Amino acid sequence: MTNICQPIVDVAQKHPEHLALQAPHGSSLSFREFFSHASHFQHLLTQAGFVAGDRLLVIVQPGLVLYPLLIAILGLGLVPVMLERGLSRKQLRETLRHSKLSAVITQPALGKFWFLIPELWRLRRFVIGQPIWGMKILEAPSQHSSMNNFICRDLPPDTTGLITFTSGSTGMPKGANRTHDSLLAQLYAIKAIFSGEKNEIDLHSFPVMVLHSLCCGNSSILPDFDFAHPATVDAQKIVGQLQDEASPASAAHPLI
Numbered sequence: 001m002t003n004i005c006q007p008i009v010d011v012a013q014k015h016p017e018h019l020a021l022q023a024p025h026g027s028s029l030s031f032r033e034f035f036s037h038a039s040h041f042q043h044l045l046t047q048a049g050f051v052a053g054d055r056l057l058v059i060v061q062p063g064l065v066l067y068p069l070l071i072a073i074l075g076l077g078l079v080p081v082m083l084e085r086g087l088s089r090k091q092l093r094e095t096l097r098h099s100k101l102s103a104v105i106t107q108p109a110l111g112k113f114w115f116l117i118p119e120l121w122r123l124r125r126f127v128i129g130q131p132i133w134g135m136k137i138l139e140a141p142s143q144h145s146s147m148n149n150f151i152c153r154d155l156p157p158d159t160t161g162l163i164t165f166t167s168g169s170t171g172m173p174k175g176a177n178r179t180h181d182s183l184l185a186q187l188y189a190i191k192a193i194f195s196g197e198k199n200e201i202d203l204h205s206f207p208v209m210v211l212h213s214l215c216c217g218n219s220s221i222l223p224d225f226d227f228a229h230p231a232t233v234d235a236q237k238i239v240g241q242l243q244d245e246a247s248p249a250s251a252a253h254p255l256i
């Protein structure tokens, strides 16, 4: 099967109670809870009528909502489009004009400003958790969805999996289109170079590296800083997290 979600599904079936994600200040999800949340989002996305290949702009703070949502989207063969949090308004609009998006999914704190971005007017707009004028609500995850309801579609290897944009050194947003096959190839390449023990605890600030840790069955500790302003990171907090969790591996923004 070609789907970057399949290795994570395999891990969850073998070790459902193993820690998948831990956010700052103690909140966490086991692999069973993770896929319960992902199944919840898949149900809502399917009800909304999205089909494989639709591109969804995901503007959600990295945390216990983002990653189950991301896996839900990938499992269905939809395409999450993710932006560097520090893009300027001009860069954001430039990116939206060229991304062929079907919808945007965001959180209340960010979604309430959607009308200030003309490129969002034509899109279907969804907000997680609480109502925002002009946006449809996606109910926050609960523990009531079974992880066995998760859908992991078998996709052609060249199916687009994940599109990411960064600001780029020239000021113009730079996009990277990763197919499911290339994401799996990246997984195997990193595993070959960094052949750590299973059930390690990793601390990552890159979503793609959190995806890698989930595929390996490792626990991911999410760093305690504002992802929109990585230069403001409090190094002592990050060092404290590494020491508290005895994390042997970390991947971070160059500014960190």
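Those letters in the sequence shown? Residues 1 to 256, by UniProt numbering.
C-beta: ideal position from N, C-alpha, C; glycine also.
This structure is a prediction, so every number in the text was calculated from the model and none was measured.
Note down, in chain order, each residue of its chain lying with its Cβ closer than 8 Å to the Cβ of residue 156, except the 5 sequence neighbours on either side. 2
Reducing DSSP to helix, strand and coil, say where residue 149 ends up. helix
Three-state class that DSSP yields for residue 23 in the structure shown: coil
Could you name the residues that DSSP lists as bridge partners for residue 166? In the DSSP output, where bridge partners are listed per residue, residue 166 has 174.
Which parts of the region 105 to 154 are runs of the beta strand (DSSP E), unbroken and 3 residues or longer, counting only runs that do not cross its ends? Inside the region 105 to 154, DSSP marks whole beta strand (DSSP E) runs of 3 or more residues at positions 124 to 128, 136 to 138, from first to last along the chain.
For residue 204, which three-state DSSP category applies? strand
So, are the CB atoms of residue 103 and residue 123 less than 8 Å apart? In this structure, residue 123 lies closer than 8 Å to residue 103 by Cβ.
How about the region 46 to 60 and the region 91 to 105: do they share at least three Cβ pairs that are nearer than 8 Å? Yes, since at least three Cβ pairs between the region 46 to 60 and the region 91 to 105 fall closer than 8 Å, the two stretches touch.
For residue 79, which of helix, strand or coil comes out of DSSP? Reduced to three states, the DSSP call for residue 79 is strand.
What does DSSP give as the partner residue(s) for residue 29 in the beta ladder? The secondary-structure analysis by DSSP pairs residue 29 across a beta bridge with 21.
If you draw a straight line from the alpha carbon of residue 132 to that of residue 51, how long is it in whole angstroms? For residue 132 and residue 51, the distance between alpha carbons rounds to 25 Å.
Applying the 10 Å Cβ sphere with the 16-neighbour rule, what's the burial state of residue 67? buried
Measuring alpha carbon to alpha carbon, tell me which of 165, 37, 149, 70 ends up nearest residue 210. 70
For residue 128, does the count of other Cβ atoms within 10 angstroms reach 16, so buried, or fall short, so exposed? buried
Whole-Å CB distance - residue 31 paired with residue 16, under 8 Å assumed: 5 Å
What are the uninterrupted segments assigned as beta strand (DSSP E) that are 3 or more residues long and contained completely in the region 42 to 94, given in chain order? Runs of beta strand (DSSP E) with 3 or more residues, each lying fully within the region 42 to 94, are found at 55 to 59, 79 to 83, listed in chain order.
Report the option in 179, 81, 153 whose CA atom is closest to the CA atom of residue 159. 179
Please report the distance separating the alpha-carbon of residue 116 from that of residue 91. 14 Å
Classify residue 39: buried if its beta carbon has 16 or more other beta carbons within 10 angstroms, exposed otherwise. buried
Contacting residues, own chain, Cβ-Cβ under 7 Å from residue 35 (five flanking each side not counted): 12, 147, 150
Among 193, 215, 154, 177, which has the Cα closest to the Cα of residue 76? 154
Beta strand (DSSP E) segment containing residue 220, residue limits: 219 to 221
On the premise that residue 4 lies in contact with residue 120, defined as a C-beta separation below 8 Å, what is that separation, rounded to the nearest angstrom? Between the beta-carbon of residue 120 and that of residue 4 there is about 27 Å, and that puts the pair past the 8 Å contact cut.
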